[in-house]
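In the working numbering, the protein residues as written are 206 to 279. Reading through the structure tokens given below for one structure.
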Amino acid sequence: MATWIWILIVVLALILGLIGGFYGARKYMEKYLKENPPFNEDQLRQMMLQMGQKPSQKKLNQMMHSMQNQANKK
206 MATWIWILIV
216 VLALILGLIG
226 GFYGARKYME
236 KYLKENPPFN
246 EDQLRQMMLQ
256 MGQKPSQKKL
266 NQMMHSMQNQ
276 ANKK
């Protein structure tokens, strides 16, 4: 077989591998972040305390709800 055919096959395999890897990694990360959200109530409470705010349970619930809604929209 001619050398240019092998070069074409390698380039096509590389391009398909990059595209497949990108979408596979993206799908995996979306699933991971949906199952393991980056923030929980304790972390939000600590963050609010560090900013000098006194977090009430109502405020924490509102923030968690808004973060979940934002994650679901994506």
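From the three backbone atoms N, C-alpha and C, an ideal C-beta is built for every residue, glycine too.
Of the listed residues the options, nearest to residue i (C-alpha basis)
i, options, result
"Glu246", "Met268, Leu213, Gln255, Ala230", "Met268"
"Asn277", "Gln255, Ala218, Lys236", "Lys236"
Distance, residue j Cα to residue i Cα
i, j, result
"Ala207", "Leu221", "22 Å"
"Ile210", "Val216", "10 Å"
"Ser271", "Arg231", "23 Å"
"Arg250", "Gly257", "11 Å"
"Ile214", "Phe244", "45 Å"
Distance CB(residue i)-CB(residue j) smaller than 9 Å
i, j, result
"Leu238", "Met253", "no"
"Pro242", "Gln273", "yes"
Span of the alpha helix (DSSP H), counted from its first residue to its last, around residue i
i, result
"Phe244", "Careful: Phe244 lies outside any alpha helix (DSSP H) and carries neither H nor E."
"Met272", "262-278"
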